[in-house]
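**Student:**
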Amino acid sequence: MLQKLGEQLQQARQARGLSLEDAERIIRIRRKYLAALERGDHLALPTALQVRGFLQSYGTYLGLDAAALVAQLDRALAAARRPSRWHVPGFGAGSEASPLIARVSGRRMAFHSIAAKPSSWRRVQRIINFELLAMLSVVAVLGWAFVWGGRRIAPTLLATAQPAVTQAAVAPTATPTLIQEVLQTPTAPPPLTTFTDVQLGLLFEQRSYVRVLVDDKLDFDGQAVAGERLEYSGVQRVEVTTANGAGVRVQFNQRDEGLMGAFGEIVTWVFLPNQKSTPTPGAPPAPIGGTPAPTGTAAP
2 MLQKLGEQLQ
12 QARQARGLSL
22 EDAERIIRIR
32 RKYLAALERG
42 DHLALPTALQ
52 VRGFLQSYGT
62 YLGLDAAALV
72 AQLDRALAAA
82 RRPSRWHVPG
92 FGAGSEASPL
102 IARVSGRRMA
112 FHSIAAKPSS
122 WRRVQRIINF
132 ELLAMLSVVA
142 VLGWAFVWGG
152 RRIAPTLLAT
162 AQPAVTQAAV
172 APTATPTLIQ
182 EVLQTPTAPP
192 PLTTFTDVQL
202 GLLFEQRSYV
212 RVLVDDKLDF
222 DGQAVAGERL
232 EYSGVQRVEV
242 TTANGAGVRV
252 QFNQRDEGLM
262 GAFGEIVTWV
272 FLPNQKSTPT
282 PGAPPAPIGG
292 TPAPTGTAAP
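Residue numbers (this note's numbering): 2 to 301.
1. Could you give the uninterrupted runs of the alpha helix (DSSP H) lying entirely in the stretch 11-70, keeping only those of 4 residues or more?
2. Is any non-hydrogen atom of the ligand SAH found closer than 7 Å to the C-beta of Q73, if you look at the structure I gave you?
3. Spatial neighbours of I28 within its chain, please: C-beta separation below 8 Å, excluding the five flanking residues on both sides.
4. Report the rounded CA-to-CA distance for G202 versus P280, giving the unit in angstroms.
5. How about T41 and Q4: are their beta carbons less than 8 Å apart?
6. By how many angstroms is the C-alpha of V268 removed from the C-alpha of T1?
7. Relative to the alpha-carbon of G248, which residue among N254, G259 and W122 has its alpha-carbon at the smallest distance?
8. Rounding to the nearest angstrom, what Cα-Cα distance links D217 and A16 in this structure?
9. So, R250 versus L204, is the Cβ gap smaller than 8 Å?
10. Which value, in whole angstroms, describes the spacing of the CA atoms of L56 and R123?
11. Could you give the C-beta distance for V302 and T243, rounded to a whole number, given that I count them as a contact under 8 Å?
12. Between A49, G246, A141 and E206, which lies nearest to E229 when the distance is taken from Cα to Cα?
13. Need the endpoints of the beta strand (DSSP E) that G223 sits in, please.
14. In the DSSP assignment, find the unbroken beta strand (DSSP E) run with G228 in it and report its ends.
15. Straight-line CA distance for S138 to G144?
16. Identify whether L272 lies in helix, strand or coil by the three-state DSSP scheme.
17. Short check: CB of G64 to CB of A24, under 8 Å?
18. Apply the 10 Å Cβ neighbour rule to E39 and answer buried if 16 or more other Cβ atoms are within range, or exposed otherwise.
19. If you draw a straight line from the alpha carbon of G7 to that of S209, how long is it in whole angstroms?
20. Considering only C-alpha positions, which residue in the set R31, V239, Q51 and V142 is nearest to A227?
21. Please go through the same chain and pick out, in chain order, the residues whose beta-carbon is closer than 7 Å to the beta-carbon of P274, but skip the five residues on each side of it.
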């Protein structure tokens, strides 16, 4: 069933005169995943959630019914699941009452024979208990010897150390030496890095619709799945609009700008070489780095 689904995608692509490279450039899905979809090779694809997103985007791009393709994929994946391997011969409805047979070390043995054998774990447990008891006994003897010997040696050590303390008390003290205080010269903070272009990276944490304009030209308009990353480079400006602010994380000129907004929120960010702004009516763009240029005051 997966192969029939792949043949349907391949025929639709070839009917439009498109190549896998064309589809990869437009819908931003790697060519190896598109080829795996057309082959019906589900083992070469990522998680089932991402495969559904790939199939929906690819089917929409080819002019097919995306919902019908996803439903066909679900049926194919359900049919491809392996049956349960836990099957005991002779154990079922209508079978005669007989002891279950298991294969242990290459020999067939009945389960009641296995249960009748003595457990090796009990022997190991007895050995561990004996070794633990012996270790505790040794620790107790060493602790008693340490306490008893310490009480007898302590008075002798105190009597020996007393003259040394008295001699140290009458010893002449050294003349203090003045140490010149050295003041550290504060260092200036490093200057802010300035850029002459816009380097933008979009990392998708949730499935999101996004539209990207690079230098006022449409570069991408579609959906991206979780885990996908898009890279853009603009000379003057890059504009990003998403319908799910919580699903898009932005990296702007080697700086992590975080998520664009909340879940399901429509957000638009505009990036200049050294400035990020949110187009809000009546609100000027907020600069990222550097000192903003002074604005003139109109004469009355």
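Heads up, the beta-carbon is just placed ideally off N, CA and C, and yes, glycines get one too.
**Tutor:** According to the structure data:
1. 21-28, 32-40 and 49-62
2. Among the ligands in the structure shown, none appear at all, so the ligand SAH cannot be discussed.
3. S58, Y59, Y62 and G223
4. 20 Å
5. Per the sequence presented here, residue 41 reads as Gly, with Thr not at that position. Contact flag set, yes.
6. Look at the range of the chain in this structure, 2 to 301, and you will see that residue 1 is not part of it.
7. G259
8. 32 Å
9. yes
10. 57 Å
11. Because the chain spans 2 through 301 in this model, residue 302 falls outside it and cannot be assessed.
12. E206
13. K218 to A225
14. That residue, G228, is in no beta strand (DSSP E); it is neither H nor E in DSSP.
15. 10 Å
16. Checking the sequence, you will find Phe at residue 272 rather than Leu. F272 falls in the strand class under three-state DSSP.
17. no
18. buried
19. 25 Å
20. Q51
21. F196, T197, D198 and V199
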